[in-house]
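Participant:
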Amino acid sequence: MKVNENKDSNTPPTAPKSTRPRYIPAIALSGVATALVFAATTVSVPNGAGGNINLGDGIILLCAYIMGPWVAFPAAIGSALSDLALGYTAYMPATLVIKGLLGLAAGLILRKSEPRVLRKSIAFITAEVIMVGGYFFYEWLLSGFSVGVAGLPGNLIQAAAAIVIAFVLTAALHPFRAKARDLLNP
Numbered sequence: 001m002k003v004n005e006n007k008d009s010n011t012p013p014t015a016p017k018s019t020r021p022r023y024i025p026a027i028a029l030s031g032v033a034t035a036l037v038f039a040a041t042t043v044s045v046p047n048g049a050g051g052n053i054n055l056g057d058g059i060i061l062l063c064a065y066i067m068g069p070w071v072a073f074p075a076a077i078g079s080a081l082s083d084l085a086l087g088y089t090a091y092m093p094a095t096l097v098i099k100g101l102l103g104l105a106a107g108l109i110l111r112k113s114e115p116r117v118l119r120k121s122i123a124f125i126t127a128e129v130i131m132v133g134g135y136f137f138y139e140w141l142l143s144g145f146s147v148g149v150a151g152l153p154g155n156l157i158q159a160a161a162a163i164v165i166a167f168v169l170t171a172a173l174h175p176f177r178a179k180a181r182d183l184l185n186p
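Going by my numbering, the residue at position 58 of the sequence shown is 58; the numbering climbs one at a time, nothing skipped.
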C-alpha cells in the first residue's frame, strides 16, 4: 500500500490503482442494468390482446448481450421491483425466478465473443420461451389451467416484441459491448 508522504495528514492511505477491487465496475454496471430493467418494465403500452407490452425483456436481452450471465441478478431484481411498484405483488416471486433465468440463459448463450445473428436468435428465443413457459406454469398454479392458457397470447406478443427490440438495440449498441466486457472481465 502506498503511504501518504504527509504523516500529519488525517487522510487514510490509498491503494495503488492496480490493487483496487475488480468487482467495482461489475457492481456499478449491474446497478445501472437494474435501474434500466425496472424503468423499462414499468412503462408499458396496450398490446391489443387484453394485456400490455413493456420494454423490460428487450432491455434484459440487450444487457445479456452486453454483460453476459452477469445480467441474471439485475434482470431478476429490476423486474421484481417493477411488479412491486405496479401492484403485482402476487407475481413477484415468479418474476424474480423467471426473469433471472431469462437473463442467465441469454447471457450464457451470448457470452462467447461476437455472437452472430444465429446465436443471438437462439439466445433470444430460448430466453423468451423461459418467460412464456414460466408465466404459463405460474398462472396455472396460481389460478388454474385456463388462466395459464389465457395468458399465453399476451406473453407471446411480449416475447416477440422483446426479440425485435433486442435485435434493434444490440445492433445500435454493439460498440459498447467490448468496453463493458472489459470492465466485467479485467
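C-beta atoms are modelled at their ideal positions from N, C-alpha and C, and glycine is treated no differently.
#1: Do the region 78 to 89 and the region 37 to 51 touch if we need at least three Cβ pairs shorter than 8 Å?
#2: For PRO46, count neighbouring Cβ atoms within 10 angstroms of its own Cβ and tell me buried if that reaches 16, exposed if not.
#3: Does DSSP put ASN54 in a helix, a strand or coil?
#4: Quick one: which unbroken beta strand (DSSP E) runs of 3-plus residues sit fully inside the region 36 to 88? Chain order, please.
#5: Can you grab the Cα-Cα spacing for the pair LEU104 / ALA127, in whole Å?
#6: For LEU141 and ASP182, I'd like the C-alpha separation in whole angstroms.
#7: Let me make sure I understand the geometry here. Which of ILE98, ALA64 and LYS112 has the alpha-carbon closest to that of TYR138?
#8: Determine the DSSP secondary structure at PRO188, reduced to helix, strand or coil.
#9: In the DSSP assignment, find the alpha helix (DSSP H) that holds PRO93 and state where it starts and stops.
#10: Can you tell me the Cβ-Cβ gap for GLY107 and MET67, rounded? I've got them flagged as a contact below 8 Å.
#11: Taking Cβ positions, are LEU55 and THR170 nearer each other than 9 Å?
#12: Hey, out of ASN52, GLY58 and VAL71, whose CA is closest to LEU111's CA?
#13: Once you ignore the five residues that flank GLY48 on each side, which residues in its own chain have a CB closer than 8 Å to its CB?
#14: Where does SER82 land, buried or exposed, given buried means 16+ other C-beta within 10 angstroms?
Facilitator: On the basis of the coordinates in this document:
#1: Output reads yes: the region 37 to 51 touches the region 78 to 89.
#2: Burial state of PRO46 is exposed, judged by a 10 Å Cβ sphere holding fewer than 16 other Cβ atoms.
#3: ASN54 falls in the strand class under three-state DSSP.
#4: Qualifying beta strand (DSSP E) stretches, in chain order: 44 to 46 and 52 to 54.
#5: Here the alpha carbons of ALA127 and LEU104 stand approximately 8 Å from one another.
#6: CA-CA distance, LEU141 to ASP182, rounds to 42 Å.
#7: Of ILE98, ALA64 and LYS112, the residue nearest in Cα terms is ILE98.
#8: Residue 188 lies beyond the residue range present for the chain, which begins at 1 and ends at 186; the question has no answer from this structure.
#9: Where PRO93 is concerned, the enclosing alpha helix (DSSP H) stretches over 92 to 109.
#10: Yes, they are in contact, since the Cβ atoms of GLY107 and MET67 sit about 7 Å apart, within 8 Å.
#11: It is not a contact, given that the beta carbons lie outside the stated cut-off.
#12: Checking the sequence, you will find Arg at residue 111 rather than Leu. Of ASN52, GLY58 and VAL71, the residue nearest in Cα terms is VAL71.
#13: Sequence-distant partners of GLY48 (beyond 5 residues in either direction) whose C-beta falls short of 8 Å from its own C-beta, in its chain, are ILE157.
#14: Buried is the call here.
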